[in-house]
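Inspection log for the structure reproduced underneath, given as structure tokens.
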Amino acid sequence: MDEKRGRFEAEVLPHLDAAYRFARWLTRSSADADDVVQEAMLRAYRGFDALRGSDAKGWLLAIVRNCHATACKQQQRRAFVPLPDEGDVQDGYAMTGAMPDPEYASIRFDEARTLDALMSALPEVYREVLILREVEDMDYREIAKVTDVPIGTVMSRLSRARAALKQQWQRQIEGAPHAAP
Amino acid sequence: MPHPDALHLQAHFDNELDALATAEVERHLEQCAECRAVLQDFADTRAALRRELTYFRAPPVLRTRLTQALDAERTPENSRRPPHGRSRSAALPFWAGAASGGLATAVAVGLAVLIWAPPPGSVLVNGLVGAHLRSLMSNHLVDVLSTDKHTVKPWFAGHTDVSPVVADFTPQGYRLLGGRADYLDRQRAAVVVYQHGQHVINVFSWAGHDHELPADATRNGYHFVFWRSGDLQYCAVSDTAIEELLGLVRLLQGLNAGDARG
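Chains E and V supply the protein sequences, listed in that same order.
For the first sequence, the positions run 849 to 1029 when my numbering is used.
For the second sequence, the positions run 493 to 754 when my numbering is used.
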């Protein structure tokens, strides 16, 4: 048992921050993230023997995601958000491709808070794929495993997520009042 | 070269293309400001997210709670003992119940295993979806371009682990385009590529293991038809109508039957 605990602390516990970060963005609440991560860690510990040398981080994040889904179902605290249509990838491209943004790089007003708010406002399937790709730096195959969808779906979701974030960002910039001198 | 499609360009940005496809996209980028601007958008968004998005870390109090919870998991004796004091049981409402019996623990273990180990069939289908999509988008449809089965079949011998049935069915409407090596189910698979009307049909084949073949499926608009012949497992994938796909499958199965008799 102690040996198991030692291996768990060496292989899984280093990913606690990533698990928390993922849970924090999924739940959008620090209290819920605490609960989800703790539940996930215990499930991971009990099922640790099933890991057998495969990617511990992806495995843990998949459990986090599952615990979050279970918690959502139990509490039914969130309104049902329909999945975006996966069939057509072209409109995502049109959105991304058609946006000239000469000012994008120069605008920094409250950027962090704005980005946090924009990210929080995205549908969950977009949020999770963006966090896994851009923050956790996982590749398509790893993301497909964590989110339990085919790689093609990861690709189209990522494309739509990037376009949606970009569009919201653009709207924010255009809608924001200019800073007083 | 025409614009690469959106997902292809994105895959380039995410470092997901092979060397050949990468070189091709880069040649296109040299002379296409529009696609360069799309890539710049991706890069700006990534830079902003990595620089500005709040980078959360597990709070110390959560680490402490976890350590205590794991301590309580250590031995069955410990888990049967009631938690020390009120504060811990209040802080850990969900595990306290689960730790009270071996059955609940067993269920939790089962859940964790299920989460990470979907049925082998779905892993295989996911792999096939990915391989099929990659073949369509990366200009890596065929490694050996030939309408002659006597060229394609020997090529497989040197490049894959299997030697599938290969034939040209142009008269029946299924033109042999060539063959390709791919990676599937942890082994080198052979792919025979056919054209039917405007549709591409990939026929994957790999050495059959003991596990059962998945049921025929439709995913993302693509049909998957599985069958087994001799030591090999086959899967035909296409977005053509299912009846058209089954037509090719029947022709291939007919050949196999002929081989077995001959």
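Cβ atoms here follow ideal geometry from the backbone N, Cα and C, with glycine treated the same way.
- Under DSSP, Asn694/V shares a beta bridge with Val685/V and Val729/V.
- The C-beta of Ser877/E has fewer than 16 other C-beta atoms within 10 Å across all chains shown, which makes the residue exposed.
- Just measuring C-alpha positions, the residue of Arg667/V, Ser697/V and Thr652/V sitting nearest Gly689/V is Arg667/V.
- Around the beta carbon of His691/V, a 10 Å sphere encloses fewer than 16 other beta carbons of the protein chains shown; the residue is thus reported as exposed.
- When DSSP states are grouped into helix, strand and coil, Gln1020/E belongs to the helix group.
- One thing to note: Cys527/V has its Cβ no nearer than 8 Å to the Cβ of His500/V.
- For Val657/V, the nearest beta carbon of chain E is not closer than 8 Å to its own beta carbon.
- No Cβ of chain E is located within less than 8 Å of the beta carbon of Thr732/V.
- Nearest in C-alpha terms to Ala871/E, of all of Glu972/E, Gly1023/E and Ala1009/E, is Glu972/E.
- Around the beta carbon of Gln922/E, fewer than 16 other beta carbons sit within 10 angstroms, so the residue counts as exposed.
- In this chain, Leu705/V is not harboured by any alpha helix (DSSP H), its DSSP state being neither H nor E.
- Taking a C-beta cut-off of 9 Å against chain E, the contacting residues of the stretch 540 to 557 of chain V are Ala540, Leu541, Arg542, Arg543, Glu544, Leu545, Thr546, Tyr547, Phe548, Arg549, Ala550, Pro551, Val553, Leu554, Arg555 and Arg557, listed in chain order.
- Against Val885/E, the close residues of chain V are Ala550, Leu554 and Leu558, in the order they occur along the chain (beta-carbon pairs closer than 9 Å).
- The C-alpha of Gly895/E is placed about 40 Å away from the C-alpha of Asp536/V.
- Put simply, the backbone Cα of Leu669/V is about 9 Å away from that of Leu633/V.
- The alpha-carbon of Arg742/V is positioned some 17 Å away from that of Asp731/V.
- Beta-bridge pairing by DSSP links His715/V to Thr710/V and Ser730/V.
- Residues of chain E with a Cβ closer than 7 Å to the Cβ of Thr537/V are, in chain order, Arg1010, Leu1013 and Lys1014.
- One alpha carbon belongs to Val885/E, the other to Val912/E, and they sit about 6 Å apart.
- With respect to the 8 Å criterion, Gly671/V and Val636/V are classified as neighbours on the basis of their beta carbons.
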